[in-house]
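Chemist:
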Amino acid sequence: MKIVAPAGNMERFYSAISATADEIYLGLKGFGARRNAENFTVEELKQAIDYAHLRGSRIFLTLNTIMTNREIELLYPTLKDLYNYGLDAIIVQDIGYAEYLHKNFPSIEIHGSTQMTVANYYEINYLKELGFKRIVLPRELSFEEIKEIRKNTDIELEVFVSGSLCISFSGNCYMSSFIGGRSGNRGMCAQPCRKEYKTSCGEKSYFLSPKDQLYGLDEIKKLQKIGVESIKVEGRMKDVSYVYETVSYFRSLINGIDKEENTPKLFNRGYSKGYFYDNDKSIMNRDYSYNMGEKIGEVVGKSIRLDEDVVSGDGITFVSKDYKNLGGTYIGKINLANIKEDRKIAYKNEKLNLNFPNETKYVFRNYNKRLNDEISKKIKSTDKKLEINFDFIAKLDEKLILKTYLEDENGNRILNLEEISETLTQKAQKRAISEEDIKEKLSEIGDSEFTVKNIKIDIDENIFIPLSELKNLKRNAVEKFREKILSYFRRDLDSELKENNQEYFKLEIEKDEPKDLEIRVIVSNEEQKNFLENMKDEYNIKEIYYRTYDIAKQSMLGQHNLDSKLASNLYELLENKNSAVMLNWNMNIVNSYTISVLEKIEKLESFIVSPEINFSKIRELGKTKLKKALLIYSKLKGMTIDIDIADNKNEVITNKENDKFNIIKNKYGTEIFLDKPLNIINIMEDIKKLNIDIVVLEFTTETIEDIKKVLKQLKTKKGEYREYNYKRGVY
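In terms of full-length UniProt numbering, the sequence shown is residues 1 to 731.
Here it is as structure tokens:
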């Protein structure tokens, strides 16, 4: 089992390698699902590639966002450079981009991001056919679901085992996008789930904020047993100490050692096992959503009674009884109640004198100086080494031979290099060299990236070898082997394409023309459906679809209606029983490359363009075999959540900006909808210029009276107008 570690910058990258991470995922500046992280320049990425390869680790580039035609093609020269240099894999969200990469960079691995929300083996096996090598599973899957998937696919699986939990399924959260134009699907999430909300009964809390996830030895053993290839640590925005300690912790667990969990001492807003043991409300923390740290004391009178030892330099936060952050400070001089000693440490159960705000009830430590100092020392004193092997041969009157090689997981030899001395072996005049002498000298590698695992020796008896000759032989072998490793990962894309009679793959987008618009409707209940069936002729409604659930979790596949002509996920599309299926807007279709892949699915007739992109980007999609549909009315869905988060079946929550959101519970979990609908019915003439085929009205919480008003607007073209991202687009 491999550990996949995060790196938000070079310093965190080095700490992940020091902690023995097998694989590192990182982003280019301006791209990927953590665009707010510092990220890497191309030159830094190359430096990281060489550094990792010389230590037996691999580098994955995150391009796991929705991407426009222009962005896909703009990145080509950069990716060609990194491909030739030896980049190991690219993590993507978009199936069209995956095909583009697969055709243009044939020998690189393509990994499916958790942003794809691929939650069952039907979808996973389809992605394998498209050329995917590995899938990062959604965090919402339970162990039993992962186990079932593992039984039915042989593709590599990667499972998140620690870090922040999004309350919504990744790739299906639109709150940040629709509220302020900062799209999670573009790596710019503003984290509305970490904000305070007020419920309909006036209660204020961090209603949408989950605790972080942290698995222990039991969970890792279970994943090992079923054959999960990789475990993933979240944290490209976390600091150096967090990355090092968390990777080290999981290395111990993989080796069967139940190590102390220090991660909560470095970042803490509460921890849970996430969804591993099925959905559970205990994953939520409605008291606070920030890094509070660990509780180290309570206010007693004018002092703080300590629950833990503290030292000068610890960072602390003062917290009220209802967990409001009242500010913080660093502990300077230790001032104890009733004890006059000059100390740098205060012990558990002692009382610490410290100025604190009047409302303070609890004290939390969010910077643990001793632990951070300890980790810093470990990072400086440790380095991951690549294990190399030597075969040494010395025969009388022949040149010395030193063979250097690596071994794969099965013990097979790979990357062989043979170094031969200039001089011949001589007969010993005095003391003959021994095998122990040779092993001792060959084992001394110094400051290199390597450590010697095995040394096999085949020498004649009673021979003499100058130690300086042995040293030179080893030095030359190690230097050349270092270059051989780096060369092994280099590629030549132009030569590869030429050998396979391939050329650069780029779609030629054909300009589309305006056409008459069909009207189609999506409903959420029988009352809406029955009413609209009676309105079909009057309003020229061609098709009425029943809303389906966006995520096809392995354990819930039997609940999905495969007779519906509307598909909201790949499972519903691939297994659909109809011959003319429409694909819903949550499939995040924003470029021609994705459309090109979907056109190969014969039963697919049309798709709804993502409402995250603006009108100009929609026009750029060009002519397609599939019919293009545009959402013109909808109380847009903000989140799709796996658990029940509200006590009432229908709840309304309000943020500080007074935006309202409708929470709807169903048999699958919870969905959150914006209260103010998208509505561009007034500009139907402009919509025709977008060269689309279909306009779609989507009804969720609307009453029949609400629907009547919308239908009236279809005729009069007068009324409410709200375009959301269609005008501004997303960052």
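Even for Gly, the Cβ is constructed at its ideal location relative to N, Cα and C.
Identify whether Ala629 lies in helix, strand or coil by the three-state DSSP scheme.
Modeler: Here residue 629 corresponds to residue number 629 of the sequence shown, with the count starting at 1. Three-state result, Ala629: strand.
Chemist: For my contact list, Ser606 and Leu626 are in at a C-beta cut-off of 8 Å; report their separation, rounded to the angstrom.
Modeler: Along the sequence shown, read from residue 1 onward, the residue named residue 606 stands at position 606. Along the sequence shown, read from residue 1 onward, the residue named residue 626 stands at position 626. The pair is a contact, with the Cβ atoms about 6 Å apart (cut-off 8 Å).
Chemist: Please report how far the alpha carbon of Glu73 lies from the alpha carbon of Asp88, in whole angstroms.
Modeler: Taking the sequence shown and counting its residues from 1, one reaches residue 73 at position 73. Taking the sequence shown and counting its residues from 1, one reaches residue 88 at position 88. C-alpha separation (whole angstroms): 20 Å.
Chemist: Name the DSSP bridge partner or partners of Ile339?
Modeler: As a working note, residue 339 is residue 339 in the sequence shown. In the DSSP output, where bridge partners are listed per residue, Ile339 has Leu336.
Chemist: Quick check on DSSP: helix, strand or coil for Leu137?
Modeler: By one-based count along the sequence shown, residue 137 stands at place 137. Correct three-state label for Leu137: coil.
Chemist: Apart from the five residues just before and just after Ile457, which ones in its own chain have a Cβ nearer than 6 Å to its Cβ?
Modeler: The residue you call residue 457 lines up with position 457 of the sequence shown. Excluding sequence neighbours, Ile457 sits near Phe392, Glu435 and Ile438.
Chemist: Just to confirm the assignment, what range does the alpha helix (DSSP H) spanning Tyr249 have?
Modeler: As a first step, residue 249 must be located in the sequence shown, where it is residue number 249. Its alpha helix (DSSP H) spans residues Val240 to Ile254.
Chemist: Give the secondary structure of Glu508 by DSSP, where H, G and I count as helix, E and B as strand, and everything else as coil.
Modeler: Within the sequence shown, residue 508 is the residue found at index 508, counting from 1. Note: Glu508 maps to coil in three-state DSSP.
Chemist: Could you have a look at Ala477 and say whether DSSP puts it in helix, strand or coil?
Modeler: Within the sequence shown, residue 477 is the residue found at index 477, counting from 1. Reduced to three states, the DSSP call for Ala477 is helix.
Chemist: Report yes or no: do three or more beta-carbon pairs, one from the stretch 39-59 and one from the stretch 275-288, lie closer than 8 Å?
Modeler: The stretch 39-59 is not in contact with the stretch 275-288.
Chemist: How many Å lie between Asn47 and Leu26 at the Cα?
Modeler: As a first step, residue 47 is located in the sequence shown; it is residue number 47 there, counting from the start. As a first step, residue 26 is located in the sequence shown; it is residue number 26 there, counting from the start. A quick correction: the sequence has Gln, not Asn, at residue 47. Straight-line Cα distance between these residues: approximately 13 Å.
Chemist: So, are the CB atoms of Ile544 and Val521 less than 8 Å apart?
Modeler: On the sequence shown, residue 544 is found 544 positions in, with the first residue counted as 1. On the sequence shown, residue 521 is found 521 positions in, with the first residue counted as 1. Result yes, Cβ atoms of Ile544 and Val521 sit closer than 8 Å.
Chemist: Beta-carbon within less than 6 Å of Gln426's beta-carbon, same chain only, minus the 5 sequence neighbours each way: which residues are those?
Modeler: Taking the first residue of the sequence shown as 1, we reach residue 426 at position 426. Result list for Gln426: Phe464, in chain order.
Chemist: Any idea which residues DSSP pairs residue 736 with across the strands?
Modeler: Because the chain spans 1 through 731 in this model, residue 736 falls outside it and cannot be assessed.
Chemist: Under 8 Å between the Cβ atoms of Arg139 and Leu165?
Modeler: Counted from its first residue, the sequence shown places residue 139 at position 139. Counted from its first residue, the sequence shown places residue 165 at position 165. For Arg139 and Leu165, yes; Cβs fall inside 8 Å.
Chemist: With DSSP as the reference, label Thr716 as helix, strand or coil.
Modeler: Residue mapping note: residue 716 aligns to position 716 of the sequence shown, counting from 1. If DSSP states are grouped into helix, strand and coil, Thr716 belongs with the helices.
Chemist: Once you ignore the five residues that flank Lys2 on each side, which residues in its own chain have a CB closer than 7 Å to its CB?
Modeler: Counted from its first residue, the sequence shown places residue 2 at position 2. Excluding residues within five positions, the ones whose Cβ falls inside 7 Å are Asp22, Glu23, Glu229 and Ser230.
Chemist: Would you call the CB atoms of Gly332 and Ser312 closer than 8 Å?
Modeler: Counting from one through the sequence shown, the residue named residue 332 turns up at place 332. Counting from one through the sequence shown, the residue named residue 312 turns up at place 312. Contact: yes.
Chemist: So what does DSSP say about Met582, is it helix, strand or coil?
Modeler: Sequence index remark: in the sequence shown, residue 582 carries index 582 (1-based). Strand at Met582.
Chemist: Locate the beta strand (DSSP E) running through Thr640, then write down its first and last residues.
Modeler: Start at 1 with the first residue of the sequence shown, and residue 640 comes out as number 640. Counting along the chain, the beta strand (DSSP E) containing Thr640 begins and ends at Lys637 to Ile641.
Chemist: Check whether the stretch 592-605 touches the stretch 160-178, taking contact to mean three or more Cβ pairs, one atom from each stretch, closer than 8 Å.
Modeler: Flag = no, the stretch 592-605 and the stretch 160-178 do not touch.
Chemist: So Ile316 and Leu306 are in contact, right, with Cβ under 8 Å, and what is the actual spacing, rounded?
Modeler: If you number the sequence shown from 1, residue 316 lands on position 316. If you number the sequence shown from 1, residue 306 lands on position 306. Going by Cβ atoms, the distance from Ile316 to Leu306 rounds to 11 Å, so no, they are not a contact pair.
Chemist: I'd like the ranges of any alpha helix (DSSP H) spanning at least 4 consecutive residues and lying wholly in the stretch 631-715.
Modeler: Qualifying alpha helix (DSSP H) stretches, in chain order: 684-688.
Chemist: For Glu533, count neighbouring Cβ atoms within 10 angstroms of its own Cβ and tell me buried if that reaches 16, exposed if not.
Modeler: Along the sequence shown, read from residue 1 onward, the residue named residue 533 stands at position 533. With fewer than 16 other Cβ atoms within 10 Å, it is exposed.
Chemist: So, with DSSP's three-state summary, where would you put Asn358?
Modeler: Counted from its first residue, the sequence shown places residue 358 at position 358. DSSP places Asn358 in coil when its eight states are reduced to three.
Chemist: Look at the Cβ atom of Glu261, then the Cβ atom of Tyr249, and state whether they are nearer than 8 Å.
Modeler: Residue 261 sits at position 261 when you count from the first residue of the sequence shown. Residue 249 sits at position 249 when you count from the first residue of the sequence shown. It is a contact, given that the beta carbons lie within the stated cut-off.
Chemist: Could you give the residue range of the alpha helix (DSSP H) that holds Tyr14?
Modeler: For this step, residue 14 is matched to residue 14 along the sequence shown. Note, Tyr14: alpha helix (DSSP H), Met10 to Ser18.
Chemist: According to the Cβ coordinates, are Arg186 and Val730 closer than 8 Å?
Modeler: The residue labelled residue 186 in the question sits at position 186 within the sequence shown. The residue labelled residue 730 in the question sits at position 730 within the sequence shown. Cβ atoms of Arg186 and Val730: closer than 8 Å.
Chemist: Do you know how far the Cα of Tyr215 is from the Cα of Lys225?
Modeler: Reading the sequence shown from its first residue, position 225 is the one you call residue 225. Reading the sequence shown from its first residue, position 215 is the one you call residue 215. If you take the alpha carbons of Lys225 and Tyr215, they lie about 15 Å apart.
Chemist: Taking C-alpha atoms, which residue in Met237, Gly256 and Gly274 lies nearest to Phe267?
Modeler: On the sequence shown, residue 267 is found 267 positions in, with the first residue counted as 1. When each option's Cα is compared against that of Phe267, the closest is Met237.
Chemist: Taking C-alpha atoms, which residue in Leu517, Lys635 and Glu651 lies nearest to Glu685?
Modeler: Here the question's residue 685 lines up with position 685 in the sequence shown. That would be Leu517, whose Cα lies nearest to the Cα of Glu685.
Chemist: Starting from Ser183 and walking both ways along the beta strand (DSSP E), at which residues does that stretch end?
Modeler: If you number the sequence shown from 1, residue 183 lands on position 183. From DSSP, Ser183 is part of no beta strand (DSSP E); its letter is neither H nor E.
Chemist: Helix, strand or coil for His102 per DSSP?
Modeler: Residue numbering aside, residue 102 sits at position 102 when the sequence shown is read from its first letter. Helix at His102.
Chemist: Report the three-state DSSP secondary structure of Tyr593 (helix, strand or coil).
Modeler: The sequence position of residue 593 within the sequence shown is 593, counting from 1. DSSP places Tyr593 in helix when its eight states are reduced to three.
Chemist: According to DSSP, simplified to helix, strand and coil, what is Ser443?
Modeler: Translated into the one-based positions of the sequence shown, residue 443 becomes position 443. Here Ser443 sits in helix by DSSP.
Chemist: Compute the Euclidean distance between the alpha carbons of Arg365 and Pro6, then round it to the nearest angstrom.
Modeler: Counted from its first residue, the sequence shown places residue 365 at position 365. Counted from its first residue, the sequence shown places residue 6 at position 6. For Arg365 and Pro6, the distance between alpha carbons rounds to 24 Å.
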